[in-house]
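K.L.:
I have a structure I would like to understand better, so I am pasting it below and will then ask my questions one at a time.
Number of protein chains: 2
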Amino acid sequence: MSCRLPPALNSLPRAAARAANHKSSKVSAGLSLSRWIPSRHYAAVVPPVTQDKSGSKGPTAMVFLNMGGPSTTGEVGDFLSRLFADGDLIPLGRLQGYLGPLISRRRTPKIKKQYADIGGGSPIRKWSEYQAAEMCKLLDRMSPETAPHKPYVAFRYADPLTEDMYAKLLADGFGNGKGGRAVAFTQYPQYSCSTTGSSLNELWKWRHRLEGKKSDDMSPGGGSITWSAIDRWPVHPGLVEAFAQNIEATLRTYPEDRRDKAVLVFSAHSLPMSVVNRGDTYPAEVGATVYAVMQRLGFKNPYRLAWQSQVGPSAWLGPQTSMTVSEYVKKGQTDLVLIPIAFTSDHIETLFELDKEVIAEAEHEGAKGVKRVESLNGSPVFIRALAEIALDHLKSGLSCSPQMLLRCPACTSERCLEQKRFFQAQQQQLTAPA
Amino acid sequence: MSCRLPPALNSLPRAAARAANHKSSKVSAGLSLSRWIPSRHYAAVVPPVTQDKSGSKGPTAMVFLNMGGPSTTGEVGDFLSRLFADGDLIPLGRLQGYLGPLISRRRTPKIKKQYADIGGGSPIRKWSEYQAAEMCKLLDRMSPETAPHKPYVAFRYADPLTEDMYAKLLADGFGNGKGGRAVAFTQYPQYSCSTTGSSLNELWKWRHRLEGKKSDDMSPGGGSITWSAIDRWPVHPGLVEAFAQNIEATLRTYPEDRRDKAVLVFSAHSLPMSVVNRGDTYPAEVGATVYAVMQRLGFKNPYRLAWQSQVGPSAWLGPQTSMTVSEYVKKGQTDLVLIPIAFTSDHIETLFELDKEVIAEAEHEGAKGVKRVESLNGSPVFIRALAEIALDHLKSGLSCSPQMLLRCPACTSERCLEQKRFFQAQQQQLTAPA
Numbered sequence: 240m241s242c243r244l245p246p247a248l249n250s251l252p253r254a255a256a257r258a259a260n261h262k263s264s265k266v267s268a269g270l271s272l273s274r275w276i277p278s279r280h281y282a283a284v285v286p287p288v289t290q291d292k293s294g295s296k297g298p299t300a301m302v303f304l305n306m307g308g309p310s311t312t313g314e315v316g317d318f319l320s321r322l323f324a325d326g327d328l329i330p331l332g333r334l335q336g337y338l339g340p341l342i343s344r345r346r347t348p349k350i351k352k353q354y355a356d357i358g359g360g361s362p363i364r365k366w367s368e369y370q371a372a373e374m375c376k377l378l379d380r381m382s383p384e385t386a387p388h389k390p391y392v393a394f395r396y397a398d399p400l401t402e403d404m405y406a407k408l409l410a411d412g413f414g415n416g417k418g419g420r421a422v423a424f425t426q427y428p429q430y431s432c433s434t435t436g437s438s439l440n441e442l443w444k445w446r447h448r449l450e451g452k453k454s455d456d457m458s459p460g461g462g463s464i465t466w467s468a469i470d471r472w473p474v475h476p477g478l479v480e481a482f483a484q485n486i487e488a489t490l491r492t493y494p495e496d497r498r499d500k501a502v503l504v505f506s507a508h509s510l511p512m513s514v515v516n517r518g519d520t521y522p523a524e525v526g527a528t529v530y531a532v533m534q535r536l537g538f539k540n541p542y543r544l545a546w547q548s549q550v551g552p553s554a555w556l557g558p559q560t561s562m563t564v565s566e567y568v569k570k571g572q573t574d575l576v577l578i579p580i581a582f583t584s585d586h587i588e589t590l591f592e593l594d595k596e597v598i599a600e601a602e603h604e605g606a607k608g609v610k611r612v613e614s615l616n617g618s619p620v621f622i623r624a625l626a627e628i629a630l631d632h633l634k635s636g637l638s639c640s641p642q643m644l645l646r647c648p649a650c651t652s653e654r655c656l657e658q659k660r661f662f663q664a665q666q667q668q669l670t671a672p673a
Numbered sequence: 240m241s242c243r244l245p246p247a248l249n250s251l252p253r254a255a256a257r258a259a260n261h262k263s264s265k266v267s268a269g270l271s272l273s274r275w276i277p278s279r280h281y282a283a284v285v286p287p288v289t290q291d292k293s294g295s296k297g298p299t300a301m302v303f304l305n306m307g308g309p310s311t312t313g314e315v316g317d318f319l320s321r322l323f324a325d326g327d328l329i330p331l332g333r334l335q336g337y338l339g340p341l342i343s344r345r346r347t348p349k350i351k352k353q354y355a356d357i358g359g360g361s362p363i364r365k366w367s368e369y370q371a372a373e374m375c376k377l378l379d380r381m382s383p384e385t386a387p388h389k390p391y392v393a394f395r396y397a398d399p400l401t402e403d404m405y406a407k408l409l410a411d412g413f414g415n416g417k418g419g420r421a422v423a424f425t426q427y428p429q430y431s432c433s434t435t436g437s438s439l440n441e442l443w444k445w446r447h448r449l450e451g452k453k454s455d456d457m458s459p460g461g462g463s464i465t466w467s468a469i470d471r472w473p474v475h476p477g478l479v480e481a482f483a484q485n486i487e488a489t490l491r492t493y494p495e496d497r498r499d500k501a502v503l504v505f506s507a508h509s510l511p512m513s514v515v516n517r518g519d520t521y522p523a524e525v526g527a528t529v530y531a532v533m534q535r536l537g538f539k540n541p542y543r544l545a546w547q548s549q550v551g552p553s554a555w556l557g558p559q560t561s562m563t564v565s566e567y568v569k570k571g572q573t574d575l576v577l578i579p580i581a582f583t584s585d586h587i588e589t590l591f592e593l594d595k596e597v598i599a600e601a602e603h604e605g606a607k608g609v610k611r612v613e614s615l616n617g618s619p620v621f622i623r624a625l626a627e628i629a630l631d632h633l634k635s636g637l638s639c640s641p642q643m644l645l646r647c648p649a650c651t652s653e654r655c656l657e658q659k660r661f662f663q664a665q666q667q668q669l670t671a672p673a
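First to last, the protein sequences are chains A and B.
Each residue of the first sequence is one higher than the last, beginning at 240 in the numbering used here.
Each residue of the second sequence is one higher than the last, beginning at 240 in the numbering used here.
Right, here's the structure in full:
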């Protein structure tokens, strides 16, 4: 028997491998992978409203995954302790259990003050719940056969946590012997093991804890929730359009004779070089987003991609956003447009780090032309893009992208391996006759 | 007077600044920057043959820039000594003059042996001369008004060197009081200060040495050659199509049931982290190329971007290609397709490093399915893409992309600054009435 499995699954037991093979041939025979190619043009095709309140495949739970943030300063301590406990995000090795709590306790007062400075908490829950709800309304019209689409949010480090979302799903009638369909929709446009990977690992963990043995029963009708994942969408034309429109809005605030000379500084959260060198796909996908946005903007302005929010003494991917801004200011370039490119809602890294540190510092140095582009937040263009991405995914019949099933070359995480096995196995339930 | 100059030029003397301002307003008024956006679809539009042997704007010198390689093993010593003397490529700081010759002398015997192993020399001169000549034939038909297009090659470290190319240009009737038009066409699809930047710096140096004071005379009809640069083309649809076709050809050599499971390992030359952290644009542009190629391929296969050819003890961008291949082989993934993605012709890094080191090592470990995709070399799809890129450039009337005029945030190179000033000033000659 020739091996038809991706590398992550080559050590599956023989029976499971046979099942996966069987599934795999079904997939290649019956499903088109071309749905994974974002359409070239951004055209929102909304069919006439013919919503069937009980679509033949509905209801569908649409679960937005993100890191989250404390909604009040009182939640900062718990938020940080979860964050520094996550080896997928901050790899501290065997010292994670000791160093994590130490670092989070030490940082809590400072970070509390930062959240107080931006109004007492992160707006990310508000935006996530709004985006998910609005997207579901659009989806109900665009895909009546999978309606109703029910919005959920699962944060990695703040309420609502993954386990709370999962408990709500079960309480709402999904799973528990009744089956049902859920889509894990990462809200990070570019995939990193530190972000989307960590959220999917957490989802896999709670699936096993809360659906117990049922989750191992892959036979159709086993009664557990059928999951699929939208794992990346870095150059979706609607995303690109939403970024471009916000950038153009900021550019219009400069006098016309300075407009084309302003430097666009795209800023993404950095990664430790240990993660980059392990083979994480995030830096290249951020590069793809930036190039796509610049294409849409006609390459009129000069630009750079920079990386922010480095912490600790280890090596991180650069150039750093703060250095980039201060060096350009020193060179006399004081019209700089900062564009958060890897996160779609406002959070501490935009509202505090960019607005109250980087821009304030530049202003202190005399540069008055440094501005930040608004985050996508409630952008209708963005929310329509989310609906189109979800629609493409639902039509594809795929449990995730082929790319997601491939581990990083230097990955040693067993949890990552198990999570990928789980999503690959979900393909079987997806392709089984209803 | 408000400042209309990009940061690199803010310290220009007042008169030059006024001239640049004047030019700048002309540019924004009369020229469309949208020519810099690659057309979305790869369609070769070749007008009927109406070649005017003396096109109204011709002749045009088309100068292919690349690093080059020794055509015989006897040239290896000179090649390496030039390479290690180049601070743009290998930044050794104040010790460059001492360490460069030391390292190159020490490495010469080993590298000589590598060139002997691939047939006695690099084929890059053969391919570059072929590509340039074939492209010029196409261009003569596609752009009769700028014909005849005359092919030249300028290598950074091997014959024909930049100074030899420049001397040939002058001997052929360009410059020397007679004016004339030349295009510096980088053969690196993605821009790095280490590669394209170094070649352009060298071109600027020899322009000054060989055209003397004339090169400072920016008035129309001053008699020196008018230069423009095609500085990057990472996602041109023709380039993407050429890569995709070669990848598909390699995938067809696998049995059908293994084809979609093969992992595509894109491999680009790495950069020292000091260059990445300075703000070099290359990593993000390579990421854009990879994503564009995967879009064209329909994301059917899992893939990774890896980086090769690291030397010395300092930190370089990873993951390393050799590590990526050996780790996947260890994980049981033995069908791997290596794709050189940042160089268009064969060279020591493909013919020796990938073929005789990485693949041979994998085969030694028992992996028989590791293959390399053919380099673009003589691909007619690729050569047509070059012609389309050149045509777009000639029609744009731009001396270079706005992006090229922006220095890296942490750049301290005076040569870089002067080179950018030079290309910006060329805009004046380009837009002057003939």
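Ideal Cβ positions, reconstructed from N, Cα and C, are used throughout, including at glycine.
Just so we're clear, the structure is a prediction, and the values are computed from it rather than from any experiment.
Give me the chain B residues within the contact set of A527(A), using Cβ-Cβ distance strictly less than 7 Å, ordered along the chain.
P.N.:
As a position in the first sequence, residue 527(A) is number 288, starting the count at 1. Among the residues of chain B, those whose CB is under 7 Å from the CB of A527(A) are G526, A527 and Y530, following chain order.
K.L.:
Using beta carbons (cut-off 8 Å, strictly below), is S640(B) in contact with chain A?
P.N.:
Along the second sequence, one-based indexing puts residue 640(B) at 401. Cβ-Cβ to chain A under 8 Å: yes for S640(B).
K.L.:
Below 8 Å, how does it come out for the region 291-308 of chain B and the region 351-365 of chain B: are there three or more Cβ pairs, yes or no?
P.N.:
yes
K.L.:
Return the residue from the list N540(A), F482(A), N440(A) and P552(A) that minimises the CA-CA distance to S584(A).
P.N.:
Looking up residue 584(A) in the first sequence gives position 345. Nearest C-alpha to S584(A): F482(A).
K.L.:
Return the residues of the region 529-548 of chain B that lie within a Cβ-Cβ distance of less than 7 Å from chain A, sorted by chain order.
P.N.:
V529, Y530, Q534, G537, F538, K539, N540, P541, Y542, R543 and L544
K.L.:
Starting from M301(A), find everything on chain B with Cβ-Cβ shorter than 7 Å and list it in chain order.
P.N.:
Within the first sequence, the letter at position 62 stands for residue 301(A). Near M301(A) there are no residues of chain B at all, since even the closest Cβ is about 22 Å away, more than 7 Å.
K.L.:
Does any residue of chain A have a CB that is nearer than 8 Å to the CB of L645(B)?
P.N.:
As a working mapping, residue 645(B) is identified with position 406 in the second sequence. L645(B) counts as touching chain A.
K.L.:
Using 8 Å for Cβ pairs, my map puts R517(B) next to C655(B). What's the rounded Cβ distance?
P.N.:
Taking the second sequence and counting its residues from 1, one reaches residue 517(B) at position 278. Taking the second sequence and counting its residues from 1, one reaches residue 655(B) at position 416. The beta-carbon distance between R517(B) and C655(B), rounded to whole angstroms, is 11 Å. This is too long to meet the 8 Å contact definition.
K.L.:
Is the region 510-528 of chain B in contact with the region 426-444 of chain B, if contact means three or more CB pairs nearer than 8 Å?
P.N.:
Counting Cβ pairs under 8 Å, three or more are found: they touch.
K.L.:
For L544(B), which of helix, strand or coil comes out of DSSP?
P.N.:
Numbered from its first residue, the second sequence carries residue 544(B) at position 305. The answer is strand: DSSP assigns L544(B) an E or B state.
K.L.:
Might you give, ordered along the chain, the residues of its own chain that have their beta carbon closer than 8 Å to the beta carbon of K389(A), omitting 5 neighbours on each side?
P.N.:
Position 150 of the first sequence holds residue 389(A). These residues qualify, in order along the chain: P298, T299, A300, M301, C375 and D411.
K.L.:
Tell me whether G603(B) sits in a helix, a strand or coil according to DSSP, three-state version.
P.N.:
Your numbering for residue 603(B) matches position 364 in the second sequence. Strictly speaking, residue 603(B) in this sequence is His, with Gly absent from that position. Note: H603(B) maps to helix in three-state DSSP.
K.L.:
Please classify P383(B) as buried or exposed, where buried requires at least 16 neighbouring CB atoms within 10 angstroms.
P.N.:
Residue mapping note: residue 383(B) aligns to position 144 of the second sequence, counting from 1. The residue in question, P383(B), is buried, as its Cβ has 16 or more Cβ neighbours within 10 Å.
K.L.:
Any idea if A355(B) is buried or exposed, counting beta-carbon neighbours within 10 angstroms, 16 or more meaning buried?
P.N.:
Numbered from its first residue, the second sequence carries residue 355(B) at position 116. It counts as exposed.
K.L.:
Which residues in chain B sit within 8 Å of T385(A), going by Cβ to Cβ distance?
P.N.:
Taking the first residue of the first sequence as 1, we reach residue 385(A) at position 146. Result: empty, since nearest Cβ-Cβ is about 22 Å, beyond 8 Å.
K.L.:
So F318(A) is in the alpha helix (DSSP H); what residue range does that whole segment cover?
P.N.:
Indexing the first sequence from 1 puts residue 318(A) at position 79. F318(A) -> alpha helix (DSSP H) spans V315 to A324.
K.L.:
Could you check whether A393(B) and M404(B) sit closer than 8 Å to each other, using their CB atoms as the reference points?
P.N.:
Residue mapping note: residue 404(B) aligns to position 165 of the second sequence, counting from 1. Residue mapping note: residue 393(B) aligns to position 154 of the second sequence, counting from 1. Yes, Cβ-Cβ distance for M404(B) and A393(B) is below 8 Å.
K.L.:
In terms of DSSP beta bridges, what is M301(A) paired with?
P.N.:
Residue numbering aside, residue 301(A) sits at position 62 when the first sequence is read from its first letter. In DSSP, M301(A) forms a bridge with P390(A) and V422(A).
K.L.:
Can you name, in chain order, every residue of its own chain whose Cβ lies under 8 Å from the Cβ of Q559(B), other than the five neighbours on each side?
P.N.:
Working through the second sequence from its first residue, we reach residue 559(B) at position 320. For Q559(B), where only same-chain residues beyond five positions count, the Cβ hits under 8 Å are S509, A545, W546, Q547 and Q549.
K.L.:
At least one CB of chain B closer than 8 Å to the CB of P558(A): is that the case?
P.N.:
Reading the first sequence from its first residue, position 319 is the one you call residue 558(A). Yes, contact with chain B.
K.L.:
Within 10 angstroms of the Cβ of P473(A), are there 16 or more other Cβ atoms? Answer buried if so, exposed if not.
P.N.:
Residue mapping note: residue 473(A) aligns to position 234 of the first sequence, counting from 1. Counting every other CB atom within 10 Å of its CB across the protein chains shown gives P473(A) a total of 16 or more, marking it as buried.
K.L.:
If you draw a straight line from the alpha carbon of I622(A) to that of A423(A), how long is it in whole angstroms?
P.N.:
Here residue 622(A) refers to the residue found at position 383 when the first sequence is read from its first residue. Here residue 423(A) refers to the residue found at position 184 when the first sequence is read from its first residue. The straight-line gap from Cα to Cα measures roughly 16 Å.
K.L.:
So for W472(A), helix, strand or coil by DSSP?
P.N.:
Residue numbering aside, residue 472(A) sits at position 233 when the first sequence is read from its first letter. Secondary structure of W472(A) (DSSP, three-state): coil.
K.L.:
Can you confirm whether A523(B), when its beta carbon is compared against all beta carbons of chain A, has any partner nearer than 8 Å?
P.N.:
In the second sequence, residue 523(B) corresponds to position 284, counting from 1. True, the Cβ-Cβ gap to chain A drops below 8 Å.
K.L.:
So, are the CB atoms of V609(A) and L630(A) less than 8 Å apart?
P.N.:
Position 370 of the first sequence, counting from 1, holds the residue named residue 609(A). Position 391 of the first sequence, counting from 1, holds the residue named residue 630(A). Not closer than 8 Å, so no.
K.L.:
Whole angstroms are fine: how far does the CA of E604(B) sit from the CA of K569(B)?
P.N.:
Numbered from 1 along the second sequence, position 330 holds the residue referred to as residue 569(B). Numbered from 1 along the second sequence, position 365 holds the residue referred to as residue 604(B). Distance between the alpha carbons of K569(B) and E604(B): 9 Å.
K.L.:
Which word fits R448(A), buried or exposed, when buried means at least 16 other C-beta atoms lie within 10 angstroms of its C-beta?
P.N.:
Residue numbering aside, residue 448(A) sits at position 209 when the first sequence is read from its first letter. Exposed is the label assigned to R448(A), since fewer than 16 other Cβ atoms lie within 10 Å of its Cβ.
K.L.:
If you follow the alpha helix (DSSP H) that H447(A) is in, where does it begin and where does it stop?
P.N.:
Stepping through the first sequence from its first residue, residue 447(A) is reached at position 208. Note, H447(A): alpha helix (DSSP H), S437 to E450.
K.L.:
Verify the CB distance criterion: does S250(A) have a CB-CB separation below 8 Å to chain B?
P.N.:
As a position in the first sequence, residue 250(A) is number 11, starting the count at 1. With a pLDDT of only 35 at S250(A), under 50, the local geometry of the prediction cannot be trusted, and no value is derived from it.
K.L.:
Using DSSP with H/G/I as helix, E/B as strand and the rest coil, what is D574(B)?
P.N.:
If you number the second sequence from 1, residue 574(B) lands on position 335. Here D574(B) sits in strand by DSSP.
K.L.:
Give the straight-line distance between the Cα atoms of Y493(B) and M533(B), rounded to the nearest whole angstrom.
P.N.:
If you number the second sequence from 1, residue 493(B) lands on position 254. If you number the second sequence from 1, residue 533(B) lands on position 294. Distance between the alpha carbons of Y493(B) and M533(B): 19 Å.
K.L.:
Since G518(B) meets chain A, which of its residues come closer than 7 Å, beta carbon to beta carbon?
P.N.:
Counting from 1 along the second sequence, the entry for residue 518(B) is found at position 279. Near G518(B) (Cβ distances below 7 Å), the residues of chain A are R543, P558 and T563.
K.L.:
Taking C-beta pairs closer than 8 Å, name the residues in chain B that A664(A) reaches, listed in chain order.
P.N.:
Here the question's residue 664(A) lines up with position 425 in the first sequence. Within 8 Å Cβ-Cβ: nothing; A664(A) doesn't reach chain B, min ~16 Å.
K.L.:
Between the region 438-445 of chain A and the region 584-602 of chain A, can you find at least three pairs of beta-carbon atoms closer than 8 Å?
P.N.:
No, because fewer than three Cβ pairs between the region 584-602 of chain A and the region 438-445 of chain A fall closer than 8 Å, the two stretches do not touch.
K.L.:
Under 8 Å, do Q370(B) and F303(B) count as touching if we go by C-beta distance?
P.N.:
Taking the second sequence and counting its residues from 1, one reaches residue 370(B) at position 131. Taking the second sequence and counting its residues from 1, one reaches residue 303(B) at position 64. Yes. Within cutoff.
K.L.:
Is there at least one Cβ from chain B nearer than 8 Å to Q667(A)'s Cβ?
P.N.:
For the purposes of this step, residue 667(A) is identified with residue 428 of the first sequence, where counting begins at 1. So, not an interface residue.
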